[in-house]
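Report on the structure given below.
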Amino acid sequence: MLNPSTSTVGRVALRGDLLDFTAEPGWGEVESDAVRFRPDHWLLIENGRITGAQTAEPDASWQRHDHRGKLILPGFIDTHVHMPQLDVIASYGTELLDWLNTYTFPAETRFADPAHSQAGAELFVAALLANGTTAAVVFPTAHKVSAEALFASARQRGMRLVTGKVLQDRHSPDGLRDDVVQARNDCIDLIRRWHGVDRLAYAVTVRFAPTSTPEQLAMAGELCAADPTLYMQTHVAENRAEVEWVKQLFPQARSYLDVYASAGLLHRRSVLAHGVWLDDADRAALRQSGAQIAHSPSSNLFLGSGLFDWTASLASGSAVSLATDVGGGTSLSMIRTMADAYKVQAMAGQRLTAWKALHSATLGSAHALLLADEIGSLEAGRVADVCVWDWAADPVAKRRMEVARSLHERAFAWMTLADDRNLVQAWVAGALRHQRPSG
Ligand code: GUN
Ligand code: ZN
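Okay, structure coming up:
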């Protein structure tokens, strides 16, 4: 980690091509008034917040970083990712339920060990920043200590992070199952100690309906009802075999989503990963509740789960954010995720613009999480979570940029070709937290 004494200063100015959004771009719109592009500007940051942007070079009272010719974006927001799954990323040959039993549950069981949890959380948070992700909604494991480790690692870096101990009291191996009473006590204690501390927030975290008893789902719903500032995160309708299993386990429910709705888990701060196998009634319920789907294209492709219907969500008026879902997803890069999202939509004959993708990874997610006054844009007053990127990092990308004729063409080529190697710096609340090694 960088030395905090050198990484935190009062006044910082970053020069580069500033790109962010002032509104939501329309589907298919390659020219959009929602895009704000300020080429070769200085972004001004004072005491951790963005205070403005200008073309003139600020005076020597500012610590100036001249990144002319580079791209400056708000830090990415990953709305669904698993801290303990770096150990199982890129595991061969399974769909969701086998993947969980074969690889994921055994790996997560090891996070009962506090030292393992701490090392895992440190590696994970550093890896987020190395990918330009400055805010995230994260699953740890069922172990209280894994949530503690994640909160502590994020807090040390001043990051916006939402997480909470995973609830799973059935259909899980020894060492990864909790029970309703202990889980409730752990949640209450974690909420008291971490929710609202600095930039941290607690999410009531139900793994998914098959691994929680109805009693545990009811308990989770009661926690949400007791404090409407809590988030809720879970998985929904990811895989066809999983959906069938939920039907058997909850025969009275109208749908998989309805299991959560009936337990009081569908609300404005609910983040539900996947939603590949939803119907129109589900999408209407999502819109009504204000909950969001964390679309995870890399994971959906890798685990063979299915193709998410983004335009159906859009038509229903329900919110969609973007997520890596590592380790079902194969990269922590939100850029790789955007490129995968484009390809998933292409399979349905739809076209995801660079604007829609970038908006979903920044301001759109911030809005969906009710955090748009803090993160997601380069607007004055926002916390300075900002990343500096190379427009191109190799000869092929450089050539592609040279011949691009419009801003959208450049942005789309960037989103399709770039990855973590393009990241030059990541700033969190005005402090430099990741710097590309030179050489
Ligand atoms: N459903 C329940 N748990 C998981 C998980 O860890 N990853 C994914 N992709 N889906 C899940
Ligand atoms: Zn997941």
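If you want our numbering, it's the 1-based position in the sequence shown plus 47. Heads up, the beta-carbon is just placed ideally off N, CA and C, and yes, glycines get one too.
- Through-space distance from GLU104 to PHE186, alpha-carbon basis: So the alpha carbons of these two residues sit roughly 42 Å apart.
- How should SER52 be labelled, buried or exposed, when 16 other C-beta atoms within 10 angstroms of its C-beta is the threshold for buried? For SER52, the predicted model reports a pLDDT of 39, less than 50, meaning its position is unreliable and no value from the coordinates is stated.
- Have a look at ARG204 and VAL293 and give me their C-alpha separation to the nearest angstrom. Distance between the alpha carbons of ARG204 and VAL293 is about 39 Å.
- In angstroms with no decimal places, state the Cα-to-Cα distance between ALA265 and GLY311. Between ALA265 and GLY311, the C-alpha separation is close to 7 Å.
- Query: Going by C-alpha distance, which of SER309, ARG315, ALA320 is nearest ALA284?
  - Reply: Per the C-alpha coordinates, the member of SER309, ARG315, ALA320 positioned closest to ALA284 is ALA320.
- CYS234 and VAL209: beta carbons closer than 9 Å? Their beta carbons are not under 9 Å apart, which means CYS234 does not touch VAL209 by this criterion.
- Query: Is any heavy atom of ligand 2 found at a distance shorter than 8 Å from the C-beta of SER378?
  - Reply: No, Cβ of SER378 sits at least 8 Å from all heavy atoms of ligand 2.
- How would you write the range of the alpha helix (DSSP H) that SER380 sits in, first residue to last? For SER380, no alpha helix (DSSP H) encloses it, and the DSSP letter there is neither H nor E.
- Message: Closest to LEU247 by C-alpha separation, out of HIS414, ASP221, ARG207, LEU277, would be which residue?
- Response: When each option's Cα is compared against that of LEU247, the closest is ARG207.
- Measuring CA to CA, which of ALA431, LEU425, ASN469, VAL435 is closest to ALA445? According to the sequence as given, residue 445 is Lys; it is not Ala. It is ASN469.
- Message: At a cut-off of 8 Å, would you count GLU289 as near ligand 4, judging by its Cβ distance to the nearest heavy atom?
- Response: With respect to ligand 4, the structure shown offers nothing to examine, as its ligands consist of ligand 1 and ligand 2.
- Spatial distance of ASN50 from LYS212 (CA atoms): A caution first: ASN50 carries a pLDDT of 43, below 50, which makes its placement in the model too unreliable to give a value.
- Message: Does the contact criterion of 3 or more C-beta pairs under 8 Å hold for the segment 122 to 138 versus the segment 162 to 182?
- Response: With a cut-off of 8 Å, the segment 162 to 182 and the segment 122 to 138 count as touching, because enough Cβ pairs lie within range.
- Message: Less than 6 Å between C-beta atoms, sequence neighbours within five positions excluded: which residues of the same chain meet that for LEU91?
- Response: If we look at LEU91 and ignore the five residues flanking it on each side, its Cβ neighbours are ALA60, THR98, GLY99.
- Message: At 3 residues or longer, what runs of the beta strand (DSSP E) sit wholly inside the segment 219 to 280?
- Response: Listed in chain order, the complete beta strand (DSSP E) runs (minimum 3 residues) inside the segment 219 to 280 are 247 to 253.
- Message: Could you check whether the Cβ of ARG115 sits closer than 8 Å to any heavy atom belonging to ligand 1?
- Response: Not so, every heavy atom of ligand 1 lies at least 8 Å from the Cβ.
- Would the C-beta of ALA23 count as close to ligand 2, meaning under 8 Å from any of its heavy atoms? For the chain, the structure presents residues 48 to 486; residue 23 sits outside this window and is missing.
- Task: Locate the beta strand (DSSP E) running through LYS403, then write down its first and last residues.
- Result: From DSSP, LYS403 is part of no beta strand (DSSP E) but of the alpha helix (DSSP H) over 401 to 407.
- With which residues is VAL318 paired in a DSSP beta bridge? Paired residues: GLN280, GLN339.
- Message: Cutting at 6 Å between CB atoms, please list the residues of its own chain near HIS481, excluding the five before and the five after it.
- Response: Cβ contact annotation for HIS481 (same chain, cutoff 6 Å, sequence separation greater than five): LEU176, ALA177, ALA473, in chain order.
- Item | Inter-residue Cα distance where the pair is SER380 and ASP236 | If you take the alpha carbons of SER380 and ASP236, they lie about 33 Å apart.
- Message: If distances are taken between C-alpha atoms only, which option among LEU333, LEU369, THR377 comes closest to LEU350?
- Response: Out of LEU333, LEU369, THR377, THR377 has the C-alpha closest to the C-alpha of LEU350.
- Query: How would you call ARG115, buried or exposed, if buried means at least 16 neighbouring beta carbons within 10 angstroms?
  - Reply: When all chains shown are included, ARG115 counts as exposed.
- Local conformation of ALA370 per DSSP, three classes: In this structure, ALA370 counts as coil in the three-state DSSP scheme.
- State the start and end residues of the unbroken alpha helix (DSSP H) segment that holds HIS414. Its alpha helix (DSSP H) spans residues 410 to 415.
- Message: Under 9 Å, Cβ to Cβ, is there at least one residue of chain B near ARG111?
- Response: Although the question refers to chain B, the structure presented lacks it and comprises just one protein chain.
- Work out the CA separation of ASP106 and VAL318 for me, nearest whole Å. Roughly 44 Å between the two C-alpha positions.
- Message: Please return the same chain residues whose Cβ sits closer than 6 Å to the Cβ of ALA440, not counting the five positions on each side in sequence.
- Response: So the list reads ARG468, ASN469, once near-sequence residues are dropped.
- Compute the minimum distance between the beta carbon of HIS129 and the heavy atoms of ligand 1, and state whether it is under 8 Å. HIS129: yes, Cβ under 8 Å from ligand 1.
- Since I believe TRP461 is in contact with TRP438 (beta carbons under 8 Å), could you give me their beta-carbon distance rounded to a whole number of angstroms? That belief holds up - the Cβ atoms of TRP438 and TRP461 are roughly 6 Å apart, short of 8 Å.
- Query: Which residues share a DSSP beta bridge with THR126?
  - Reply: In the DSSP output, where bridge partners are listed per residue, THR126 has none listed.
- Give me the Cβ distance between ALA366 and ALA408, rounded to the nearest whole Å; I'm assuming they're in contact under 8 Å. Their Cβ separation, rounded to whole angstroms, is 13 Å, which puts ALA366 and ALA408 out of contact at 8 Å.
- Message: Using a 10 Å radius around the Cβ and a threshold of 16 neighbouring Cβ atoms, would you call GLN280 buried or exposed?
- Response: The residue is buried, with at least 16 neighbouring Cβ atoms inside 10 Å.
- Message: Measuring only from the beta carbon, is SER412 closer than 8 Å to any heavy atom that is part of ligand 2?
- Response: No, Cβ of SER412 sits at least 8 Å from all heavy atoms of ligand 2.
- Message: Please list the terminal residues of the continuous alpha helix (DSSP H) segment that includes ALA421.
- Response: Looking at the sequence shown, residue 421 is not Ala but Glu. Neither: GLU421 is in no alpha helix (DSSP H) and is coded neither H nor E.
- Message: Rounding to the nearest angstrom, what Cα-Cα distance links GLN339 and GLU426 in this structure?
- Response: Roughly 24 Å separates the two Cα atoms.
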